[in-house]
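Report on one structure; see the data block that follows.
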Amino acid sequence: MKRMSSLEYHFGVKVRFYPSNNQKKMIKQNYDAQRFVYNQYVGAGRLIYHVKKANRIKQLSSGLPFVMPGMSEYENQQALRMIDTQDLISKPKNIRDKYDFLRVEDIDSLAIANAIQNYHKAWRNYHKIGYGIPTFHKKRSNWSYQTNCQYIKQNEAYLDNGTVRFIDA
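Going by the working numbering, the sequence shown opens with residue 16, and the numbers climb by one from there.
So, in structure tokens, the structure goes:
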């Protein structure tokens, strides 16, 4: 199968559909899961930033660049939380292992992967002019989530096996 970048032109299809109650439930679950994962990454990034900033300030105020003064109980807890969150966001699989509700069969794994990609894309955009740091996503009344196409390797597309494609003839 050809990649989109190798084609001369790109087409997108915008489709309006009216989901059944089961489909609405699945869309809502995927929307909530994607928003939760994105917000977890934003929260972890903010926690790591604030802990590192507090350590830098403390180090500079001590007057010695390589000596760290003693840490309070609160700072120890924050440092431990930072280590936990770094482990959590280091591998996307870790977030599914920690939170069992993300393991529901209806939740699309590609939706979670896209949420993580969107978070990293937001940080790349931050370094460009006109973009801010990634912020938390709030609940909205219109539910949507991103996922990727999965094509079964067959020569013909059928409606019953989910391989419907638009082919340029």
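All residues carry an ideal CB built from backbone N, CA and C; glycine is no exception.
Query                                                                                             : Result
Contacting residues, own chain, Cβ-Cβ under 6 Å from GLN161 (five flanking each side not counted) : ASN129
Environment of TYR24 [buried if 16+ CB atoms lie within 10 Å]                                     : exposed
Test item: CB-CB of MET97 and LEU125 under 7 Å                                                    : no
PHE26 versus LYS73 - alpha carbon distance                                                        : 54 Å
Cβ-based burial, THR150 [other Cβ within 10 Å; buried from 16]                                    : exposed
Contact the segment 63-72 vs the segment 128-144: 3+ CB pairs below 8 Å                           : no
Beta-carbon proximity of GLN44 to ILE131, cut-off 7 Å                                             : no
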